[in-house]
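Enquirer: Chains as they are written, first to last, in the working numbering: chain A, 1 to 414; chain B, 415 to 828; chain C, 829 to 1242; chain D, 1243 to 1656. Note that the Cβ used here is the ideal one computed from N, Cα and C, for glycine as well. Below is a structure I'd like to ask you about.
Protein chains: 4
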Amino acid sequence: MAKNDREKSVRTTSAGPIGIGLIGTKFMGRAHSTAWSKASQFFDLKRNPVMSAVAGRNPDETAVFATKWGWKASTTNWRDLLTDDTVELVDVSTPNHLHAEMSIACLEAGKHVACEKPLAGTLADAKRMVLAARAARKKGVQTFVWYNYRRCPAVAFAHRLVRDGRLGRIFHVRASYLQDWGGPDTPLLWRFQGDLAGSGAHGDLNAHIIDMARFITGDEVTEVVGSIEETFVKERAVIASSGGEISGKGAKSSSSGRKSGKSTVDDAVLFLARFKQGAIASFEASRLATGNQNRNNIEINGEKGSIKFDFERMNELEWWDHTLEPKLRGWSRIMCTDAAHPYAGHYWPAAHLIGYEQGFISQAADICAVIAGGSPVVALPDFEDAFKTQCVLEAAIRSARERRPVPIRELDKF
Amino acid sequence: MAKNDREKSVRTTSAGPIGIGLIGTKFMGRAHSTAWSKASQFFDLKRNPVMSAVAGRNPDETAVFATKWGWKASTTNWRDLLTDDTVELVDVSTPNHLHAEMSIACLEAGKHVACEKPLAGTLADAKRMVLAARAARKKGVQTFVWYNYRRCPAVAFAHRLVRDGRLGRIFHVRASYLQDWGGPDTPLLWRFQGDLAGSGAHGDLNAHIIDMARFITGDEVTEVVGSIEETFVKERAVIASSGGEISGKGAKSSSSGRKSGKSTVDDAVLFLARFKQGAIASFEASRLATGNQNRNNIEINGEKGSIKFDFERMNELEWWDHTLEPKLRGWSRIMCTDAAHPYAGHYWPAAHLIGYEQGFISQAADICAVIAGGSPVVALPDFEDAFKTQCVLEAAIRSARERRPVPIRELDKF
Amino acid sequence: MAKNDREKSVRTTSAGPIGIGLIGTKFMGRAHSTAWSKASQFFDLKRNPVMSAVAGRNPDETAVFATKWGWKASTTNWRDLLTDDTVELVDVSTPNHLHAEMSIACLEAGKHVACEKPLAGTLADAKRMVLAARAARKKGVQTFVWYNYRRCPAVAFAHRLVRDGRLGRIFHVRASYLQDWGGPDTPLLWRFQGDLAGSGAHGDLNAHIIDMARFITGDEVTEVVGSIEETFVKERAVIASSGGEISGKGAKSSSSGRKSGKSTVDDAVLFLARFKQGAIASFEASRLATGNQNRNNIEINGEKGSIKFDFERMNELEWWDHTLEPKLRGWSRIMCTDAAHPYAGHYWPAAHLIGYEQGFISQAADICAVIAGGSPVVALPDFEDAFKTQCVLEAAIRSARERRPVPIRELDKF
Amino acid sequence: MAKNDREKSVRTTSAGPIGIGLIGTKFMGRAHSTAWSKASQFFDLKRNPVMSAVAGRNPDETAVFATKWGWKASTTNWRDLLTDDTVELVDVSTPNHLHAEMSIACLEAGKHVACEKPLAGTLADAKRMVLAARAARKKGVQTFVWYNYRRCPAVAFAHRLVRDGRLGRIFHVRASYLQDWGGPDTPLLWRFQGDLAGSGAHGDLNAHIIDMARFITGDEVTEVVGSIEETFVKERAVIASSGGEISGKGAKSSSSGRKSGKSTVDDAVLFLARFKQGAIASFEASRLATGNQNRNNIEINGEKGSIKFDFERMNELEWWDHTLEPKLRGWSRIMCTDAAHPYAGHYWPAAHLIGYEQGFISQAADICAVIAGGSPVVALPDFEDAFKTQCVLEAAIRSARERRPVPIRELDKF
């Protein structure tokens, strides 16, 4: 039999495989590992990704992770990646408050960076990251942000419908990202601790739908008109530290009995906004919207047509063609799994559904295409683009706290 | 054969049939006529309604209307009803700006009043009506407001689920009433003329969902936090006067060519609010939400369960029981057509659907029950109750115009 | 005020109101009474129906029924209607085994007949009725059968889509009518007694979907290829006689203890069939299809398009346009409530839903239109037409019992 | 950094990795490659699969395939796998008519076999395979069939609901697998050529739903009562041979002009059946069910509850609990993505959907678990089990062709 010689060592060059370094081994670490390992199977890439090295905090866990997911090497010092010649792009999959330090260091080391969303934990961090990205760009170093839902075929197709004028003038954007795992019984995980998580539902969930709304409409928010920030559950049980995602800082001192600690993030943030071209919008993120497990949904109403998307049925786009004669108008449930839909043709035959990880696989493929000098299937957000989403997040929080409308132009100056 | 002697003349008494007088012969006039004619067929009432007289503006139209819908007499002077002994209750089904004058005159004449929603065109009118209702009440004269959706079996059942503690503490109320008949091609109907219509989508549609949210939760709004009022289509074509619902005041001078006139009402109003017991809420009304023909919908998320309702599927209530073990949790689509559901047993067998008019029929039956000294199946809004909805409407408008949060306590003082 | 002089006495003439006589005061009696009372309110008819007289078995109940539903006179002898000059059409709303005797007598007395479905309890009865209808027709006397679902706007619209060639060549017809009230705990109602009910789910439910499939496709069944007839629950509890719909013949002797009796009808019948123009089809009726309360549904797949209908969402038609480019194809949920849809414009504005009774109201209006010399909105089934459905019902039973394919040409000869 | 030493060579042993050999590089080759590569990432396995070698017909294509999907070696002679010591299990992913020869050879060589469904192209082949499996079993060699839908979490959960008595006595099984890619414009692919494909929709699609119905109910079909086999499109265009899945045998002679050839398989097969414990059932497979792209769906109605599944929404199971009080009964849409659902906890958090390939990944993991001496999460079909499905397929064809009921006991004797 012929031997398969794929697994050669990789060096950073402008041709050949693209060496990937990953920081982070939790939920996003797993999702991104899947992406890097599958991208070249489902896409014909000029330059395939190679999984060079992964960095995590715990040595044993990181080594096990590397073996399981196919990373060639592992380390507990993420700065090792900066000097690793086999690494051309660093994938920053860590909590928000670490994004700035890591991304900036990588960019300065000449590595492309693909950073988890949201861009940063604070607007100040986000600005520093944009400045670093601008400097890097001059040297041909690129930035990407993992707003993975853009690459869901239904979302990318909605974007194209708007771009092609099928919706006409847009009147309404109605977006919410609702989850329900944050009820009163849920303990004080790190996600409820402001110093570790940056924000609660807002940074985690509103970030996604602001990006999605901007992406689909091709328009920008100019003002947050009003906003509510709410922490429904102010005290949560402290749990014994067991490592991983469910321990919290406060947990360490709790060896006897069931203690409770303060939740220092929002459980829900709602806000109203205006878009530059005249649309009015509502956004809502919650972790206590009982019955909604992962309902990332958006509806956009235009003069000529409307779309609806719900991630819980991620393979479907609902489309209303208002140019049809009235008796034939209806919400049409389009299975976005046809070869004619963005990305879908790379996976399975029509109506053989794809899942959550495909958003990451498709983004990994697009990142590789861009690094190889090509184009993504639909636009990839870079730091500059993700900064606009960050400004909307910040405006919503200010509006809630200062009880007034907040224009974006207050925030986006450097 | 035995002769059926039902059609006797009626006098205002505390027993025997209840004589009804109707003012208004348009859309609501038809809906209410259906209600009064069918209530005693589907419900066993102590005192049946009798359709005594109808008042309309145009003599020929009113006479034809009376014949068609079974009113015993007709008039073009609504004040005739005040002195008509056969009339015990007056049903005011006219545009909002006429509610106060007519209702107050009827109450002063000792007639019960069932007034179309919203209570009034202005907060000042609404206050006058409440005062008149309080005075009348002392004399045993009662008031009712046609918030018909309360009597939709699914809505009434949702109300009972909350009342019975099945939702627990409520976190979120998410309500919108979306229509799409108001696109740029729609001419300048009376509904787009502020002096005739009072308000646009806000008074027409938000009124319903504010009432519904209050009714289902049993809670009250305390503050409107932020609000957007928008008129997307500022100029609309003036149409040649043809009478009926689609002519407008501006139309009279338009004999040649296609003129346009100013729309003086809102096309859409969105607002965020807080409830007394801690829930946070969003409300939205629009006539340009393309693809939504009559989507009066509400979702309420509580600690123990959630409900969703959409009037476009009015026979169904979606119910999420969060007390089930996780693997069995799901949105359950309950057909609210069982004899065990409020009102449903009065109509057809299970899953033989009811329609829009049943809300009115059931309300007519409940009104008759109350006048006969009994109880409604679920609470009927009187003027006092409808005034609370009016305050929320007013707060939303002030918040939008003054760009600030507006507490309800600013508005509800007499 | 002007007096409304609508209630004059009526004589059988070719102009003026059409006097209606009704036989039957149970479920269908109520539904048809609603129809006759509302037809002239929602439709502009040349000749309005007038509710002349109703016949029922129990004198008190019949009188109460007459008063409640607005019948001018009542009788316990249905033959009184034959000689009643005010009666021009008799509405036969009795159990199936009585249809033949009553309908034939009425036709011979020169009365138009509107008979409940299915046409008859047996094929022999059905043939006699067709012969009587043919004889009457020569004298200008007409027949109608209450296959009410044809007049559901969504069903009528589906019929038009096929007629207009929007589906192209039809490949599949997939129809089922599923209910679930017939579980083991349901007692031995008359509907489970073959001598009273004729058949079980088959005559009650398959009758509807056979008619609907024939109506929508415009095609005829030529053969039943295979069939299953099943009585899952062979013994049911006998209940104490309480009159009304829930007592059974066997119940009379049961004064002490809980007895059980034999169910002598089918609980479910499934069959496969071929249509003349090449479509293949499946039909299924059941009363034990747990979770399906009244799911009268049909799906038709054609070369150019497909439709789906489910009576539990009776205002909606799902439409798939296969001539669209692949990326835009989807099941479109059309709310058939627009003025452009059949019948819908006679009721409420778009997406203000109609319910079960509208099928009867629209049919009553169409019957009046035909008697006045006009045309129905969509085709009305007469005895001749309903006989074709009867033949399919019969073929399915023979196929199940004789375990062989049964061609329709075996059955439809006179 | 520590080097990851995962990629060692593999030998067939009872410990250590399990060497996999794959035959077939088309659609199923890709799906199974994904499965073998991901199983050990999402599942903690005692013995991980290693992708030793792949066999395909075309040398270049096979080598490219091996590189892309991560197979260590490739060959154009599938018999090489028989003697390859690194191969412990052979995955037979070829057309049906090749299953018997390949599987039997592998079993005789002492290799475990995982064969694509249906078991075989003919009943005779299937019997030979069962005999070979029985002989192999005595030597500890195991067989598996890729009925992948069993491992869809919603399907596996439905199976458990039945097993746990939540449905009670089962009345109805209603299954169909509908696709629409086989319209008249589709050319004469190999799938329409009987000698290459064995059968059409029947073997491809009915096989799946027969297996699924048997799996969920835990019951067996005893008789096919009636059946229709139909080829709607008898002639199809012959296409120029381009290799791969879309060329056909007849295509080779077609160098000039557009020729047509005979389709020699069924486009659709419908049949009615009875189960041993009393349920009655319908099955339908079609490739011309316009609007249904991959609607593999089943509904099962029991005395205490019902379930519905549709692969186009594969993450959801609809569940009706008939033991609830009537007012709370409804179809509950359960997202089967919770850690409490079978398989789901191995992938992403709740409501982060999985897709088509997860069925294969989970099956690969279960196969590895069984080979390592453990248990699958839910039952894996072996050749013996898949033979029962084959008998039902055969009975349906005989019933259609001989126009009579066909009991299974006619077919399952050795």
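Report yes or no: is there a C-beta of chain B within less than 8 Å of the C-beta of HIS1564(D)?
Expert: Taking the first residue of the fourth sequence as position 1, residue 1564(D) is located at position 322. Chain B contact via Cβ: absent.
Enquirer: Buried or exposed: LYS722(B), going by 16 or more other Cβ atoms within 10 Å of its Cβ?
Expert: In the second sequence, residue 722(B) corresponds to position 308, counting from 1. Classification of LYS722(B): buried, given that the 10 Å Cβ count is 16 or more.
Enquirer: Would ALA469(B) and THR500(B) qualify as a contact pair, given that the criterion is a beta-carbon distance under 8 Å?
Expert: Against the second sequence, residue 469(B) aligns to sequence position 55. Against the second sequence, residue 500(B) aligns to sequence position 86. No; because the gap between Cβ atoms is not below 8 Å, this pair is not in contact.
Enquirer: For ARG979(C), count neighbouring C-beta atoms within 10 Å of its own C-beta (all shown protein chains included) and say buried if the count is 16 or more, exposed if not.
Expert: For the purposes of this step, residue 979(C) is identified with residue 151 of the third sequence, where counting begins at 1. Buried.
Enquirer: Given that PRO184(A) touches chain B, what residues does it touch there, using C-beta distances under 9 Å?
Expert: For the purposes of this step, residue 184(A) is taken as residue 184 along the first sequence, with counting starting at 1. In chain order: ARG583 and GLU717.
Enquirer: For chain B, is any of its Cβ atoms less than 8 Å away from the one on ASP1627(D)?
Expert: Within the fourth sequence, the letter at position 385 stands for residue 1627(D). By this cut-off, ASP1627(D) is not an interface position.
Enquirer: Can you give me, in chain order, the residues of the stretch 88–106 of chain A that have a beta carbon less than 7 Å from any beta carbon in chain D?
Expert: So nothing in the stretch comes that close.
Enquirer: Going by C-alpha distance, which of GLY1130(C), LEU935(C) and LEU951(C) is nearest VAL969(C)?
Expert: Position 141 of the third sequence, counted from the first residue, corresponds to residue 969(C). Minimum Cα distance to VAL969(C) is reached at LEU935(C).
Enquirer: Under 7 Å Cβ-Cβ, which residues of chain A neighbour SER641(B)?
Expert: Residue numbering aside, residue 641(B) sits at position 227 when the second sequence is read from its first letter. Chain A residues near SER641(B): GLY226.
Enquirer: Going by the beta-carbon positions, is the gap between SER227(A) and GLY640(B) smaller than 8 Å?
Expert: Numbered from 1 along the first sequence, position 227 holds the residue referred to as residue 227(A). Numbered from 1 along the second sequence, position 226 holds the residue referred to as residue 640(B). Yes, the Cβ-Cβ distance between SER227(A) and GLY640(B) is below 8 Å.
Enquirer: Helix, strand or coil, according to DSSP, for GLU384(A) in the structure here?
Expert: Reading the first sequence from its first residue, position 384 is the one you call residue 384(A). Note: GLU384(A) maps to helix in three-state DSSP.
Enquirer: Can you check whether the C-beta of SER1604(D) is within less than 8 Å of a C-beta belonging to chain A?
Expert: Start at 1 with the first residue of the fourth sequence, and residue 1604(D) comes out as number 362. False, the Cβ-Cβ gap to chain A never drops below 8 Å.
Enquirer: Less than 8 Å between CB atoms is the rule here; does ARG1456(D) satisfy it with respect to chain A?
Expert: Residue numbering aside, residue 1456(D) sits at position 214 when the fourth sequence is read from its first letter. Chain A, which has no Cβ nearer than 8 Å to the Cβ of ARG1456(D), makes this no.
Enquirer: Determine which residues of the stretch 286–298 of chain A have a Cβ less than 7 Å from any Cβ of chain B, and write them out in chain order.
Expert: Taking 7 Å as the Cβ-Cβ cut-off against chain B, the residues of the stretch 286–298 of chain A that qualify are SER286, LEU288, ALA289, THR290 and GLY291.
Enquirer: Starting from ALA765(B), find everything on chain D with Cβ-Cβ shorter than 7 Å and list it in chain order.
Expert: To locate residue 765(B), count along the second sequence from 1; it is residue 351. Under the 7 Å cutoff, chain D gives no residues; its nearest Cβ is about 11 Å from ALA765(B).
Enquirer: For ALA547(B), which option in ARG823(B), ALA519(B) and ASP752(B) has the closest C-alpha, if you only look at C-alpha atoms?
Expert: Within the second sequence, the letter at position 133 stands for residue 547(B). Comparing Cα-Cα distances from ALA547(B) to each of ARG823(B), ALA519(B) and ASP752(B), the minimum goes to ALA519(B).
Enquirer: Along the stretch 325–346 of chain A, where does the CB come closer than 9 Å to a CB of chain C? Name the residues.
Expert: Those residues of the stretch 325–346 of chain A that come within reach of chain C (Cβ to Cβ, closer than 9 Å) are GLU325, PRO326, LYS327, LEU328, ARG329, GLY330, TRP331, SER332, ARG333, ILE334, MET335, CYS336, ASP338, ALA339, ALA340 and HIS341.
Enquirer: Start and end of the alpha helix (DSSP H) containing ALA135(A)?
Expert: Along the first sequence, read from residue 1 onward, the residue named residue 135(A) stands at position 135. Where ALA135(A) is concerned, the enclosing alpha helix (DSSP H) stretches over 123–138.
Enquirer: Beta-carbon of LYS1250(D) versus every beta-carbon of chain B: anything under 8 Å?
Expert: Here residue 1250(D) corresponds to residue number 8 of the fourth sequence, with the count starting at 1. Because the pLDDT at LYS1250(D) is just 39, under 50, the model does not fix this residue reliably, and the point stays unresolved.
Enquirer: Compare the beta carbon distance of ASP919(C) and HIS860(C) with 8 Å and say whether it is the shorter of the two.
Expert: Counting from one through the third sequence, the residue named residue 919(C) turns up at place 91. Counting from one through the third sequence, the residue named residue 860(C) turns up at place 32. It is a contact, given that the beta carbons lie within the stated cut-off.
Enquirer: Taking SER880(C) as part of the beta strand (DSSP E), name the residues at either end of that continuous run.
Expert: Reading the third sequence from its first residue, position 52 is the one you call residue 880(C). It spans 877–883 - the beta strand (DSSP E) in which SER880(C) sits, taken as one unbroken run.
Enquirer: With DSSP as the reference, please indicate the residues paired to ILE1522(D) in a beta bridge.
Expert: Here residue 1522(D) refers to the residue found at position 280 of the fourth sequence. HIS1414(D) and ARG1516(D).
Enquirer: Would you kindly work out how many angstroms separate the C-alpha atoms of SER74(A) and VAL1404(D), rounded to a whole number?
Expert: The residue labelled residue 74(A) in the question sits at position 74 within the first sequence. The residue labelled residue 1404(D) in the question sits at position 162 within the fourth sequence. Distance between the alpha carbons of SER74(A) and VAL1404(D) is about 46 Å.
Enquirer: Let's test the definition: count the other Cβ atoms within 10 Å of the Cβ of LYS460(B) and tell me whether it reaches 16, buried, or not, exposed.
Expert: Mapped onto the second sequence, residue 460(B) falls at position 46. Exposed.
Enquirer: Which same chain residues, not among the five before or five after SER1083(C), have their C-beta less than 6 Å away from its C-beta?
Expert: One-based indexing of the third sequence puts residue 1083(C) at position 255. Since pLDDT at SER1083(C) reaches only 47, below the 50 mark, its modelled position is unreliable, and the value read off the structure follows with that caveat. Taken in chain order, the list of residues that qualify is empty.
Enquirer: For ILE1182(C), which residues from the same chain have a beta carbon less than 6 Å from its beta carbon, with the 5 sequence-adjacent residues on both sides left out?
Expert: As a position in the third sequence, residue 1182(C) is number 354, starting the count at 1. Hits under 6 Å: TYR1175.
Enquirer: Please return the same chain residues whose Cβ sits closer than 6 Å to the Cβ of PHE271(A), not counting the five positions on each side in sequence.
Expert: Taking the first residue of the first sequence as position 1, residue 271(A) is located at position 271. For PHE271(A), where only same-chain residues beyond five positions count, the Cβ hits under 6 Å are VAL224, SER227, PHE283 and ALA396.
Enquirer: In its own chain, which residues sit with a C-beta less than 8 Å from the C-beta of GLN436(B), not counting the 5 before and 5 after it?
Expert: For the purposes of this step, residue 436(B) is identified with residue 22 of the second sequence, where counting begins at 1. Checking the sequence shown, residue 436(B) turns out to be Leu, not Gln. Contacts found: GLY443, HIS446, SER447, TRP450, MET465, ALA467, VAL468, ALA469, TRP485, VAL504, ASP505 and SER507.
Enquirer: Flag TRP1176(C) as yes if its beta-carbon sits less than 8 Å from any beta-carbon of chain A, otherwise no.
Expert: On the third sequence, position 348 is the one that residue 1176(C) refers to. Chain A, which has no Cβ nearer than 8 Å to the Cβ of TRP1176(C), makes this no.
Enquirer: Round the Cβ separation of GLY1022(C) and VAL1066(C) to the nearest angstrom and send it over; I've been treating them as touching at under 8 Å.
Expert: Mapped onto the third sequence, residue 1022(C) falls at position 194. Mapped onto the third sequence, residue 1066(C) falls at position 238. Going by Cβ atoms, the distance from GLY1022(C) to VAL1066(C) rounds to 15 Å, so no, they are not a contact pair.
Enquirer: Which bits of chain A does PRO821(B) rub up against, with CB to CB less than 8 Å?
Expert: Residue numbering aside, residue 821(B) sits at position 407 when the second sequence is read from its first letter. Those do not exist, as PRO821(B) stays about 11 Å from chain A at its closest Cβ, beyond 8 Å.
Enquirer: How long is the line joining the alpha carbons of MET212(A) and TYR149(A), rounded to whole angstroms?
Expert: Counting from one through the first sequence, the residue named residue 212(A) turns up at place 212. Counting from one through the first sequence, the residue named residue 149(A) turns up at place 149. Distance between the alpha carbons of MET212(A) and TYR149(A) is about 7 Å.
Enquirer: Output yes or no for whether 8 Å exceeds the beta carbon distance between LEU592(B) and ASN706(B).
Expert: Numbered from 1 along the second sequence, position 178 holds the residue referred to as residue 592(B). Numbered from 1 along the second sequence, position 292 holds the residue referred to as residue 706(B). Yes. Within cutoff.
Enquirer: Give me the Cα-Cα distance between ASN1536(D) and SER362(A), rounded to the nearest whole angstrom.
Expert: As a working mapping, residue 1536(D) is identified with position 294 in the fourth sequence. As a working mapping, residue 362(A) is identified with position 362 in the first sequence. Taking the straight line from one Cα to the other gives about 23 Å.
Enquirer: By a C-beta neighbour count over all protein chains shown, 10 Å radius and 16 as the cutoff for buried, is ALA120(A) buried or exposed?
Expert: As a working mapping, residue 120(A) is identified with position 120 in the first sequence. Looking at its Cβ environment, which holds 16 or more other Cβ atoms inside 10 Å, ALA120(A) is buried.
Enquirer: Using beta carbons (cut-off 8 Å, strictly below), is ARG1555(D) in contact with chain A?
Expert: What you label residue 1555(D) is simply residue 313 of the fourth sequence in a count that begins at 1. By this cut-off, ARG1555(D) is an interface position.
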